[in-house]
Amino acid sequence: MKKEGKIQVWQDYQKEIADDHYFYVRSCIRQNFFPGSEQTFLKILRKELGKDIYENPHHTSCSGIGYHSDIVPFDTIQTIVARQFALMTEAGYQNIAVSCITSFGIYNEIIETWKEYPAELEKVRNFLKKATGREFEVPQNVAHASDIVYKFREDIATHGKFRLINHKTGKPLKVVEHIGCHYSKMFPCKGVGGAEFPYVLAGMIEAWGGEVIDYPERRHCCGFGFRQYLIMSNRGYSVSNSRKKFESMEPYKPDFIVSNCPGCPMFLDRWQYVIEEMEGKTFGPDGQGIPVLTYEEMAGLVLGYNPWDMGMQMHQTNVEPLLDKMGIQYDPELKYANKEGKQIGHPTMVRCGC
Amino acid sequence: MEPTTFIWPFTIGLLFISCFLVIIVGIWISSLSRIDKSRIWHNIFTRKSLESLREIFMESLLHRKIFRKNAVLGYMHMSLAFGWFLLIVVGHIDACNHFQSLSVPAYKAIFFRFYISEAATTLSGKILAASMDLLLVFVLSGVMLAYFKRLNSRLFGMKKTTQLKIGDRIALSSLWLIFPLRFLAESVSAGIHHNGSIISQPTGNMLATLLPIHLFEMPLWWAYSGSLALFFMAMPVSRYMHIPVEVVLIFLRNYGIRVKKRISGFSRIQVYSCSRCGICLDSCQMNHAAIKDTQSVYVLKHIRNRNITDEKLFNCLLCGRCQPDCPVGLELNDLRITQRIESTKEYNSSYEYLKNGKVAVSPQTEVIYFAGCMTHLTPAILKSMKEIFALAKVKYWFMDEDKTACCGRPLMQVGQYEAAKKLIEHNRERILASGAKKLVVSCPICYKVFNEDYALPGIKVQHHSEYLLELMAENRLPIHKLPMRVVYHDPCELGRGSGIYHQPRLLLDEYTELVPMKNEKEASYCCGGSLANIKIQMNERNQIRDNVLDEYLGYQPDILATACPLCKKTFAKSNKLPVHDIAEVIYMAIQQKNISIAGEIKDEKVPKVEFWR
Amino acid sequence: MKDFGYTVIKQRTIDYDQFDGRLLNEVLQMEPSFKVCLSCGGCTATCSANDLVSFNVRRMNLLLRRGETVELESEIKKCMLCGKCMLVCPRGINIRNVIMLIKKSILKYNPVKS
Amino acid sequence: MKHIVIIGGGIAGIETASALTDAGHWVTLIEKDAQIGGKLNNWSNLFPNFTPVEKITDELKEKCRRKDFSILTNTEVNSVLRNKDKFSINTSDNQQLEADAIVVATGYELFDARRKEEYGYKIYDHVITSADLEQLFKSGEKLTVAAGKIPKRIAFVHCVGSRDEKSGNHYCSKVCCITGVKQAIELKKHLPDAEIFCFYMDLRMYGKHFEELYREAQEKYDIQFIRGRLSEASEKIDKSLLIKAEDTLSGRPLKMNVDLLVLLIGMEAGKGTAAAATSCSIGCEESGFLQTADSFLQSNISMQDGIFLAGSCTAPMTVNDTVLHARSAAQEVNNYLQKTR
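Protein chains in written order, with this note's numbering: chain A, 33 to 386; chain B, 38 to 650; chain C, 512 to 625; chain D, 18 to 358.
See below:
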């Protein structure tokens, strides 16, 4: 692999990411899957970086999952999205920061549609006005939350207490980065580094001392695929897709996987457990799984946040091996304790010695 | 003189070969089917046995068929076979005469001259002794020719001669030595004991003046006995098994036993009866494609030795050209097919899909027309037949116009008999359901299988050449002679395969100027396109075809007529000569007549005939 | 093993790295003319068997070259060996021999059988 | 004596110059590189009969030596000004040339394979282009992959940068199909134990002996042709490449591991031709190649009187097509000059 070649590609896909004053829109599912991640993101931006980021409790789902499952029509989703923009406009913001990759894709798709077909925009303005009486401006900058973390990766590195380095060997941790399909596959120019060799997560990993693993099935979808997962009889396809990725990354012995999508870390994490249950196969060393992190969790670990505060006990594949490698101190007793310190019970885990 | 030890090699050898033959022939005959065995019992005491004896005399001893092919070659075989036979017979008479007994042991007759101390005194003795000398010289002349043939087979009208293996080499060498050694042994004995006759005595006298012949006498008799023994011992692994086995074959054949579709005692008898004379090599067209190791003689050898490969077994057009030439009358095609059945029996198809009934229901009809798969690629034949049917006002069912299984013959040619049976069963049901009386076929490959393997009671199967001739004879077709020279190529499956030589010729004679050729009818060529050969490459097929076409071009024909869509396709590819099926020729002639009646032809010399390509 | 109501689905992808070339090599060695197939499909268009059942001669080449031995075995049996395809083939491939070779050799190499 | 300026010193330029000199004209050839011969200098052997390129280039260079026309190397055209029937040409080294006619023979550029990011050219260690392979053949170096290994399986990708909306090129580059077949054979000769695959969309063997070479590749060299466009390549841990395509004839996706991937890159009009189009004010087609008055009888005639076109600046061309096109350009120029006399 030639680094210069990749750098050349990355240079071709530089996108503008707003500097400050973001209107934050959350993901529907991440709050269930990885409830601490979005909170961590806000904390990093506000506390570590001193940025202004605002969220309005009245914002809704973008309805992207319904749209991609052929349930929500395009007109409807355009109007829903327009409402989010109206909330942004009303709050006096122009830059939107999106937590979810599906939403990010939806926003880009809709904004591009409006650029190509201004009549659609007028139609949607009309719809929104009729339905809610609201008006809106199209955001000037649409950034995915990972774009923002990427933008300030060096600042985070400076503030950081840990690096992505195995503290025993001193060697960089090997990290698999997985980009959500709708981040840049639809609009390569909307993603940092484009679609073939996206740099958004790779940039964070490199800045924080880790080593990016480029394995053959890097581009492959995690397998979520909306209906692939949502309809139980299709779930086999979803598992097969993740399995394909695990098999492909296995020879590189990755220390963890990081993703910038709501669904991907969920499936890359949970399917490891399912595959082990079905086939007895695990992909990490000594029968362990490969820990799967969100980029906020990765950033949080670098900044020295308590993993249990970030909700890392919600992972089905244990993260302790990674914490040990990074030299992060944690109290195993508190892993399944609630805020009051009361144990909440242990879930089934991928074999990892606990 | 009393029996001495040198007779033992001979005696043991003779005993060995006699026992061996009794056992092996016993095994073969016992493995025959019950029907074949009953054929033997029913016929053994009839004239058929006498006919067999006559045939054995004419063919096994006199080699009449080889004589017909080439006199020198015939003489060589005759002198060896008939000469040796007479030596044994006359030798025994001589011995019986001398010892005045009817039960002289074999060694006394074979080594007779060793046992007499003086020349014959009686007139009968003298005559017998002299004839023995002459017979020996007769045989020796054959041996000389055989030496010569090894060196130069062309003198014998043969382009090729067979290659030998170790068993054959031993047998051949000992055979060649037997007679010179006998002659030398007898001559030397004559030189010492003066017991010779007209040739051996002078030779013996001459040798006596030149050499210390006392020293040579016993070694020569030993050598003579030894070479006989060696010959007998080597016989089971040599081609000379054909000498005794052919006799058995002739009897069994005359009793009506034929090669079946499976390997049996009789097919083994046929295989052992091959003398490897190599006459089959000459007529084989595979030579034109420089394929020189798959001919019948080699394949029979490999079958006998049980080391036949598919590459050799299937590299044969099954044109049957070699069969009429075989002096032993072996069923060469059937032997090969039998072996092909054996070799492919593991993987026959069952064609379950035929039961799903995708084919149309048979309508009631008098006449069925079955064009054949290949004919669908020669629309000119199809159109001609349709037009002729219309002209003769024949109502017919075009059975394979659409969605019809193959006739099964191509499968049979490659040994897939079990698979072919499924197709045959399927088509047969369809044919019988139509209530037809006549089945007209355009493809000789189909024709042969419909005729031989379909069991269609009450249905007359006709190739379209037969059918058209019938229509013509019934005055249902107008006749018009086309002013063009035509050579007719006999398709293998129609000619040698089914014996249809005359009908196409009668038709063509009526409608064109048919030019007779040297290599036609039984001796006709294969076009090279045969489906029976699955190993031959396209360029090799082309070589065979071009050789044939070059010969045909020598007759300066205007067109080449044939009666098979595959032959037509094969020849047409070369562009050397326009080629048309007989049906096309006749339809065109009829059209031409219609045109000339209409007075449209201005210049009568130029035939305005257009064929479809 | 836990039953989740779904299982890992076998991939449709032809994984060429898993390809067992023995059957192909044997057939090509015995009948080299088969190498030059263009996948034109003339053979299938003219095929007598294809009139009666779904049978694609051209696909035999692909099945063989992709190691789809199980399917190849069930498909190849459909051929009636009539030879029409050989009159149509623009590359002069000795198709009937290919069929016979596959029928024979597949007995040796079919993973289901052995 | 009439003066003709020819822009571009490749095959087309030299051949036109040579023919026009023979016709008694004064010719100046402008070449931007240090040596004449164009792209041909970087090639090793020519399809379809493996003719060494030197046989052609030597002949062309010999023509330049023998014939009396001037060559300005390391020179580019800055501007062209028309003054009635005369052209005034300003070059990069500030020479002023007066010409009665101009022949544009600016040729083509090879497609930059980096633009097909998914194939990873210049990113993965063992992805090369057909041009790189020619260089390798020319240098006579041994072809090895990771850790000095001899490649066991090699794949060629046809139509890289041609017939591809994603590359912005809708046209067929004409030469890549047969180049792929030629190079596959050459590689097989070098590496007899290697398996070689060509992934194609269509094989366009239109030229003399092309189809025969294709057949030979299958028959004698066991090159396997798979109909399907490569979707992507990825590097594996051992530096081999995992490639994915659809085997369109089976209708199923196919993946395989190869040690070396060769991209058969197409032709583009390129910067030189674009510059000529601007300076000479002659039109370009959508493909970027220069517009000709028609495709049949006037394929050397540009949209400007007195400016003529020769070779692959008008469309992708093989060497022999270029030579013929150049000769006909010379004929057209000659006719034109006769008329304006």
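Glycine residues also receive a C-beta, built at the ideal position from the N, C-alpha and C atoms.
Check, Outcome
"Interfacial residues, the region 573 to 597 of chain C to chain B, with Cβ spacing under 9 Å", "I587, K588, K589, C590, M591, L592, C593, G594, K595 and M597"
"Closer than 7 Å at the beta carbon, the chain A residues around T518 of chain C", "G268 and M310"
"Nearest-angstrom beta carbon gap, G224 of chain D and D65 of chain D [assumed within contact, 8 Å]", "Residue identity differs from the one stated: residue 65 of chain D is Pro in this sequence, not Asp. Indeed, because the Cβ distance is near 7 Å, the residues count as touching under 8 Å."
"Proximal chain A residues relative to K183 of chain D, where beta-carbon distance stays under 7 Å", "Those do not exist, as K183 of chain D stays about 11 Å from chain A at its closest Cβ, beyond 7 Å."
"Straight-line gap, F269 of chain B to F43 of chain B (C-alpha atoms, nearest Å)", "16 Å"
"K147 of chain A, buried or exposed, once every other Cβ within 10 Å from all chains shown has been counted against 16", "exposed"
"Minimum Cβ-Cβ distance from S625 of chain C to chain B less than 9 Å", "Model confidence at S625 of chain C stands at a pLDDT of 44, short of 50, so the residue's coordinates are unreliable and nothing is read from them."
"D640 of chain B, buried or exposed, once every other Cβ within 10 Å from all chains shown has been counted against 16", "Here the model assigns D640 of chain B a pLDDT of 49, short of 50, so the residue's position is not dependable, and the following value carries that caveat. Exposed, by the Cβ-count rule."
"Below-9 Å beta-carbon distance, T555 of chain C vs any chain D residue", "no"
"Euclidean distance between Cα positions of I418 of chain B and T412 of chain B", "7 Å"
"Distance, P364 of chain B Cα to R377 of chain B Cα", "24 Å"
"Whole-Å CB distance - I203 of chain B paired with N608 of chain C, under 8 Å assumed", "Not confirmed; about 33 Å, so no contact."
"Buried versus exposed call for I516 of chain B [16 or more other C-beta atoms within 10 Å across all chains shown]", "exposed"
"Touching by the beta-carbon criterion (3+ pairs, under 8 Å), the region 427 to 438 of chain B and the region 349 to 368 of chain B", "no"
"Distance between T108 of chain A and G124 of chain A (C-alpha atoms, nearest Å)", "25 Å"
"Residue burial classification, P333 of chain D (beta-carbon count within 10 angstroms, cutoff 16)", "buried"
"contact_flag[the region 275 to 293 of chain A, the region 40 to 57 of chain A] where n(CB pairs < 8 Å) is 3 or more", "no"
"Spatially closest choice to N631 of chain B from B:L90, B:C563 and B:L519, by CA coordinates", "B:L519"
"Inter-residue Cα distance where the pair is F47 of chain B and S70 of chain B", "37 Å"
"Chain-ordered residues of the region 234 to 266 of chain A with a beta carbon less than 9 Å from chain C", "M264, S265 and N266"
"N-terminal and C-terminal residue of the beta strand (DSSP E) that N127 of chain A is part of", "N127 to V130"
"Rounded straight-line distance, which links the Cα of Q321 of chain D to that of R99 of chain D", "10 Å"
"For G321 of chain A and C384 of chain A, the rounded distance between their alpha carbons", "With a pLDDT of 45 at C384 of chain A, under the threshold of 50, the predicted position of this residue should be treated as unreliable, though the coordinate-derived value follows. Between C384 of chain A and G321 of chain A, the C-alpha separation is close to 7 Å."
"Collapsed DSSP secondary structure at F288 of chain B in the structure displayed", "helix"
"For V176 of chain B, the first and last residue of its enclosing alpha helix (DSSP H)", "L160 to L188"
"Beta carbon proximity, K38 of chain A to chain D, threshold 9 Å", "yes"
"As assigned by DSSP and simplified to three states, the class of I119 of chain D", "strand"
"Inter-residue spacing [alpha-carbon to alpha-carbon] between K356 of chain D and D39 of chain D", "18 Å"
"Span of the beta strand (DSSP E), counted from its first residue to its last, around A250 of chain D", "L247 to E252"
"Closer than 9 Å to chain A by CB, F515 of chain C", "yes"
"C480 of chain B versus L505 of chain B: straight-line alpha-carbon distance, rounded", "14 Å"
"Cβ shell of L257 of chain B (< 7 Å), same chain only, five flanking positions each side left out", "L218, L221, A222 and V225"
"Residues sharing a beta bridge with R99 of chain D, DSSP", "D:F104"
"Residues that DSSP places opposite R542 of chain B in a beta bridge", "Partner(s): none; R542 of chain B has no beta bridge."
"Beta-carbon proximity of I28 of chain D to V336 of chain D, cut-off 9 Å", "yes"
"Enclosing alpha helix (DSSP H) for Q348 of chain D [first to last residue]", "V336 to T357"
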